[in-house]
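These notes are about the structure you will find just below.
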Amino acid sequence: MLNKFMKKFTKIAAFTGIVLCGLSLPAFADDTVSIEMFTVNNVWMMVSTFLVFIMHLGFATLESGLTRSKNTVNILFKNVMIIAIGLLTYALIGFNLMYPGDNWIIGGVLGKFIPGIGTDEAGITSAYSAGYTYWTDFLFQGMFAATAATIVSGAVAERIKLHSFLVFSVIYVGLVYPFLGSWKWGGGWLDAKGFYDFAGSTLVHSVGGWAALVCALMLGPRIGKYVKGTVKAIPGHSMPLATIGVFLLWLGWFGFNGGSVLSADPGLVSYVLVTTCLAAAAGIVGAMLTSELFLKKPDLSMVLNGSLAGLVGITAGADVVGILDSIIIGLVAGVLVVVAVIFVDSKLKIDDPVGAVSVHLVCGIWGTLAVGIFSPDHSFFVQLLGVVSYGVVSVIAAAVIFGIIKATMGVRVSEKEEHQGLDIGEHAMEAYDGFQIFTTV
Amino acid sequence: MLNKFMKKFTKIAAFTGIVLCGLSLPAFADDTVSIEMFTVNNVWMMVSTFLVFIMHLGFATLESGLTRSKNTVNILFKNVMIIAIGLLTYALIGFNLMYPGDNWIIGGVLGKFIPGIGTDEAGITSAYSAGYTYWTDFLFQGMFAATAATIVSGAVAERIKLHSFLVFSVIYVGLVYPFLGSWKWGGGWLDAKGFYDFAGSTLVHSVGGWAALVCALMLGPRIGKYVKGTVKAIPGHSMPLATIGVFLLWLGWFGFNGGSVLSADPGLVSYVLVTTCLAAAAGIVGAMLTSELFLKKPDLSMVLNGSLAGLVGITAGADVVGILDSIIIGLVAGVLVVVAVIFVDSKLKIDDPVGAVSVHLVCGIWGTLAVGIFSPDHSFFVQLLGVVSYGVVSVIAAAVIFGIIKATMGVRVSEKEEHQGLDIGEHAMEAYDGFQIFTTV
Amino acid sequence: MLNKFMKKFTKIAAFTGIVLCGLSLPAFADDTVSIEMFTVNNVWMMVSTFLVFIMHLGFATLESGLTRSKNTVNILFKNVMIIAIGLLTYALIGFNLMYPGDNWIIGGVLGKFIPGIGTDEAGITSAYSAGYTYWTDFLFQGMFAATAATIVSGAVAERIKLHSFLVFSVIYVGLVYPFLGSWKWGGGWLDAKGFYDFAGSTLVHSVGGWAALVCALMLGPRIGKYVKGTVKAIPGHSMPLATIGVFLLWLGWFGFNGGSVLSADPGLVSYVLVTTCLAAAAGIVGAMLTSELFLKKPDLSMVLNGSLAGLVGITAGADVVGILDSIIIGLVAGVLVVVAVIFVDSKLKIDDPVGAVSVHLVCGIWGTLAVGIFSPDHSFFVQLLGVVSYGVVSVIAAAVIFGIIKATMGVRVSEKEEHQGLDIGEHAMEAYDGFQIFTTV
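Protein sequences appear in the order of chains X, U and B. Here this note's numbering is used: position 412 in the first sequence is 412, and no number is missing along the way. Here this note's numbering is used: position 358 in the second sequence is 358, and no number is missing along the way. Here this note's numbering is used: position 155 in the third sequence is 155, and no number is missing along the way.
Encoded structure:
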């Protein structure tokens with residue numbers, strides 16, 4: 001029945017991706033836009049910036065909700081710090097490192113370290129860009145930067161030392177993310193190869209996801225998670241918080257993907273929003289069906305992750321795949337994320353409290369490869385090359401940084417503190433004063 | 001004193017509605033707008049789309065907050081599914097069914113079933129519409145569609161079988177809502193009669209509200225709600241969640257009403273926002289005074305519903321009533337909702353856990369009739385005709401669909417499951433792991 | 001090391017503030033803008049309005065989170081009422097009182113009392129303003145108005161009588177705030193002196209902060225707060241709620257500051273957003289370091305207040321200080337707020353449950369004076385004059401109003417009610433039905 005629907009659906013819908021590929025509004029052709037167009041483009045990019053900003057609240061509530069109440073203050077603290085770290089390091093060095101222009105140390109691979117931000121009058125006119133001012137550019141991209149560390153935060157939750165995490169974040173967000181970003185969005189070597197990643201299935205989500213995997217592995221599982229070969233579920237303490245998180249992340253994705261058009265181009269932006277939403281919706285359906293199949297019951301956390309899976313999956317190709325493709329990409333992502341969560345947890349025995357690796361890494365890879373599958377203009381092998389290149393360097397970078405921190409500061413809280421909760425241990429306060437709380441794990 | 005204020009107030013304010021009726025900005029007159037105007041219109045409509053999207057989080061948190069913690073996972077799950085169902089069914093069939101253009105099976109009454117969505121290049125230019133692209137149109141309207149099911153969700157909370165609810169939602173959102181919508185917004189027979197419903201007091205809120213009434217009736221009250229003729233209050237488990245919900249719904253209404261102008265027309269949109277906000281504010285005041293009068297204490301859930309009542313009430317005529325009218329409409333809605341909640345609960349003994357019928361149906365009807373009262377250009381009787389027509393068909397449709405589901409799948413969870421909570425029964429998980437929770441009802 | 005960074009940083013960044021001061025986009029020079037520009041400006045201002053609106057949810061959740069669960073319903077109730085009161089009083093009298101145009105009773109000091117709002121056709125075209133319609137103007141400014149009362153709400157939480165607070169809010173928001181606002185934004189005497197307050201470090205935050213200080217003093221501390229010379233910490237009941245509040249407030253600040261440009265001017269608005277965000281980020285870092293120093297542990301509530309401190313601090317000069325300046329202003333604010341919270345609590349023994357005085361008054365003063373320090377075009381002494389003038393009149397007004405209410409209605413709930421919680425006492429309901437809750441204080 002689904003097949004039948006899809007065939008019918010295809011007749012009308014499937015050509016749209018192809019049609020859109022060749023389109024661009026005339027006014028954008030030569031970057032000489034009217035002051036009105038420049039202003040509306042810039043408004044759109046600022047709105048997108050706000051939406052990406054609010055994703056950080058989404059991450060904070062999702063991660064809190066899916067973990068135990070004794071570590072909630074710690075998780076909230078980390079997420080507040082991450083946005084500060086992201087913006088300040090991006091102002092200090094990241095923005096220039098990610099978009100080197102002609103200032104490369106190694107051409108197409110490593111930009112020069114030019115501290116600070118600033119512009120002359122041209123930076124606030126369309127001479128800088130038809131779609132936004134220098135300042136909008138900085139803030140929009142700066143909001144993205146912090147995301148990588150946020151992804152790691154979820155995977156290492158409930159057992160990592162606060163200061164060690166903050167140091168890792170400063171380095172990974174401040175140096176590794178912009179360095180890797182320059183390869184594609186900064187006009188580096190992968191861009192030259194024709195690699196395509198529209199809004200960051202790889203550049204943001206996989207780069208964060210690889211680090212999440214490495215750090216979770218090096219940190220080891222939470223106490224009580226894997227006992228004598230059995231896998232113990234550690235339920236989150238607040239599903240409303242987690243659900244708020246997912247809705248806010250979806251909301252944020254309107255800006256994450258919609259803003260990645262880098263102008264308010266009506267056809268392209270609205271098309272991207274449609275593929276983005278349909279992929280999220282299909283991800284929900286895919287995760288629901290898969291969780292009913294494997295877990296017998298429709299699982300809320302799986303469905304929540306399903307919508308994120310669809311969103312991560314569509315992010316690489318939201319502008320170049322067809323409507324039906326976007327539904328397929330989301331549906332597959334929704335299935336994938338459930339299987340991956342179970343596999344990572346039960347087979348690999350890697351303790352990832354929020355499923356960050358499954359959502360951001362697995363679906364980030366899927367989305368990037370999907371561009372090679374569904375878009376006629378992009379090569380599957382170049383997409384694969386991108387996935388592998390980013391994977392290798394992300395893993396090495398994360399391992400080296402986290403390894404050095406482990407050897408020097410240590411990365412894991414004491415067993416006693418982990419039992420008691422990091423809220424008391426790291427912050428000397430509790431998240432829910434006055435509530436009777438008991439501990440199962 | 002209030003009278004005195006109103007009289008003074010009227011002198012300055014009341015003429016504005018009339019003034020505005022005759023206005024439209026010249027640029028919009030013949031739908032040939034500049035690319036800049038088209039772009040800014042489309043940006044506005046996309047922003048409105050995001051705002052309507054976030055209403056779904058508002059509904060999810062409001063409904064969760066006003067019910068018991070043992071059913072929270074179930075409620076969140078339903079609300080996540082509804083947005084997925086809404087978008088996918090709207091892509092599959094709803095959008096074409098609601099806006100048939102020339103493709104009617106029965107002229108002005110029932111559109112043709114044309115599956116899928118898609119457009120050619122014209123769809124992303126102002127040739128499609130001066131205010132938005134085809135894709136923006138689809139997404140904005142798609143976000144509306146799911147709302148109808150969400151309204152039902154609240155009324156049937158804490159006792160309905162998950163899968164039965166999902167099947168009902170697919171049919172009601174996928175077929176009934178767009179079918180009924182076509183009568184007015186699709187250019188059907190009620191549009192031809194001069195019926196007016198600016199943003200959906202009837203088309204969205206009453207259509208959802210009638211189904212809420214029917215389903216709540218057919219489902220019966222929660223166990224322990226009406227025992228031996230006494231009415232027992234079943235308090236919600238989290239007023240912060242409920243309050244978050246109401247603020248997010250108000251936020252969403254900026255897009256719900258503001259976007260219903262279908263362009264960024266500065267005078268009209270900003271006027272609509274003012275009437276919308278003043279009605280919400282007046283609804284709060286009306287509900288506060290009424291709840292102090294009838295319940296002795298200023299009741300938070302009544303005040304929250306009061307703001308929603310004002311918003312639902314102003315939705316039909318936000319662009320055609322005066323400033324003072326909008327305050328009166330909101331104030332009356334705020335009074336009405338408190339009286340209706342008490343009446344439905346104590347007299348009719350229909351168990352509606354969140355007051356969905358009172359907010360969406362009663363105030364939806366009030367708002368639609370208020371257009372006939374306050375706007376000189378619209379007939380009270382035509383408004384009444386619309387209210388009745390939508391009522392009759394909504395009730396029949398909801399009853400038939402819900403009846404068939406009841407006869408086949410069943411609609412109500414077992415008594416044991418209801419006692420234990422649907423979170424365990426339907427999803428095998430709890431919303432608040434680790435919290436000591438006790439049960440009063 | 002920080003010094004070194006700053007010096008490097010300065011070379012590139014520090015000139016930007018100066019460069020920007022002289023800039024304005026040509027199209028804005030003579031207020032004759034195209035319909036397209038008018039429309040995009042108005043869209044921007046409407047979006048800013050929504051963002052300021054959502055700050056009220058931010059305040060509601062922050063205040064709830066930082067106080068005890070037994071007073072949560074009361075706090076939410078107050079915050080819902082405040083937005084209604086703010087909008088209705090602003091429509092009734094506030095808007096005209098704040099922007100008298102030529103209608104002064106005492107020139108530059110006190111405007112005429114002209115009830116109601118309304119406009120002719122010119123009000124919805126660029127003849128009214130190049131940046132927005134009359135209605136957008138009203139709603140944007142109306143959203144600001146309620147903020148003053150919200151600030152007070154936090155300082156008097158957990159012990160004030162509901163109706164007394166509402167009466168105070170009506171008068172302070174309806175009369176005092178617009179009266180004081182007219183001095184600068186209404187073109188009054190302080191504007192003529194060259195006083196500068198871009199978005200309201202003084203006009204909004206200090207005006208609210210002074211009243212918060214006065215009311216908290218006159219109300220006295222919560223029972224159990226200061227016992228036999230010892231200061232007892234009364235922890236908040238939900239750090240997730242508090243964190244949600246701070247993120248929403250930051251989100252709202254994009255509109256609070258960004259909208260205060262009063263048009264969508266791409267260079268200026270985006271520049272303001274960057275200084276705003278960097279100040280918030282620096283405030284977080286400042287508060288973290290200071291709290292580690294003074295409190296030994298990195299304190300989440302301090303870091304949350306740190307971001308707000310940075311935001312309040314940058315609000316007066318977001319458009320006229322340099323990039324590096326904004327970081328310094330935020331950093332200092334972050335330090336200041338921690339010191340102030342400790343000082344107010346331990347030394348002054350004024351019980352301010354959420355730190356409203358430290359955040360809004362102390363950092364509001366700092367931000368206003370910082371304009372005189374960092375902007376070459378503004379005089380420190382005029383800034384100081386403004387701070388003192390607003391302080392004196394705010395204190396007197398708040399003391400007189402609150403004093404009269406205290407003498408007539410009373411302001412403080414009974415000791416029994418305070419112990420039991422205001423939720424039961426004022427509203428006869430609980431915020432968290434079914435949760436096991438215990439009381440420490």
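Note that beta-carbon positions come from the ideal geometry of N, C-alpha and C, so glycine has one too.
Per-residue DSSP class, three states only, for residue i
i: W104(U); result: strand
i: V320(X); result: coil
i: L110(X); result: strand
i: T89(U); result: helix
i: F247(B); result: helix
i: G22(B); result: Its pLDDT being 34, under 50, G22(B) is placed unreliably by the model, and the measurement read from it follows with that caveat. Correct three-state label for G22(B): coil.
i: M429(X); result: coil
i: I66(U); result: Ile is not the amino acid found at residue 66(U); the sequence shown has Leu there. L66(U) falls in the coil class under three-state DSSP.
i: L422(B); result: helix
i: F28(U); result: Residue confidence is low: F28(U) scores 41 on pLDDT, short of 50, so the model does not pin down where it sits. Its coordinate-derived value is still stated next. Here F28(U) sits in helix by DSSP.
i: D345(U); result: helix
i: I350(X); result: coil
i: I83(U); result: helix
i: S307(B); result: helix
Minimum C-alpha distance to residue i - residue among the options
i: A428(B); options: K347(U), S301(U) and G229(U); result: S301(U)
i: L88(X); options: D325(X), S48(X) and F144(X); result: F144(X)
i: I328(X); options: V339(X), I314(X) and D319(X); result: I314(X)
i: N443(U); options: I106(U), W253(U), N257(U) and G58(U); result: In the structure displayed, chain U extends from 1 to 441; residue 443(U) sits before or after that span and is not available.
i: K228(U); options: K349(U), K297(U) and T202(U); result: K349(U)
i: V170(B); options: T147(B), W189(B), S182(B) and W183(B); result: T147(B)
i: A122(X); options: Y177(B), P266(B) and V167(B); result: P266(B)
i: G519(B); options: I85(B), I124(B) and G364(B); result: In this structure chain B extends from 1 to 441, so residue 519(B) is not present and cannot be described.
i: S304(U); options: K347(U), S34(U) and V246(U); result: Per the sequence shown, the amino acid found at residue 304(U) is Leu instead of Ser. It is V246(U) whose Cα lies nearest to the Cα of L304(U).
i: W183(B); options: V387(B), Y432(B), V274(B) and I424(B); result: V387(B)
Nearest-angstrom beta carbon gap, residue j and residue i [assumed within contact, 8 Å]
i: I342(X); j: F294(X); result: 6 Å
i: A242(X); j: V357(X); result: Contact doesn't hold; Cβ gap of about 17 Å is too wide.
i: T67(X); j: E158(X); result: 5 Å
i: I284(U); j: M81(B); result: 7 Å
i: G65(B); j: S238(B); result: 5 Å
i: G459(U); j: I437(X); result: An answer regarding residue 459(U) cannot be provided, because it is not within the stretch 1 to 441 covered by chain U.
i: L213(B); j: L361(B); result: 6 Å
i: K161(U); j: G410(U); result: 6 Å
i: A264(X); j: V204(U); result: The pair is not a contact, with the Cβ atoms about 28 Å apart (cut-off 8 Å).
i: L51(X); j: G255(X); result: 3 Å
Identity of the residues DSSP links to residue i by a beta bridge
i: F435(U); result: I437(X)
i: T230(B); result: V227(B)
i: I160(X); result: R412(X)
ask   = Listed in chain order, which residues of the segment 202-230 of chain X have Cβ atoms closer than 9 Å to some Cβ of chain B?
value = none
ask   = Taking Cβ-Cβ distances below 8 Å as the criterion, which residues of the segment 410-440 of chain B are in contact with chain U?
value = E426, H427, A428, M429, E430, A431, Y432, D433, G434, F435 and Q436
query = For the segment 44-62 of chain B, which residues have a beta carbon sitting closer than 8 Å to at least one beta carbon of chain X?
reply = W44, V47 and L51
request  = Select from the segment 161-175 of chain B all residues with a C-beta closer than 7 Å to any C-beta belonging to chain U, and list them in chain order.
outcome  = L162
request  = Check distances from the C-beta atoms of the segment 142-154 of chain B to those of chain U and list, in chain order, the residues that come in under 7 Å.
outcome  = none
query = Closer than 8 Å, Cβ to any Cβ of chain B: which residues of the segment 290-305 of chain X, in chain order?
reply = none
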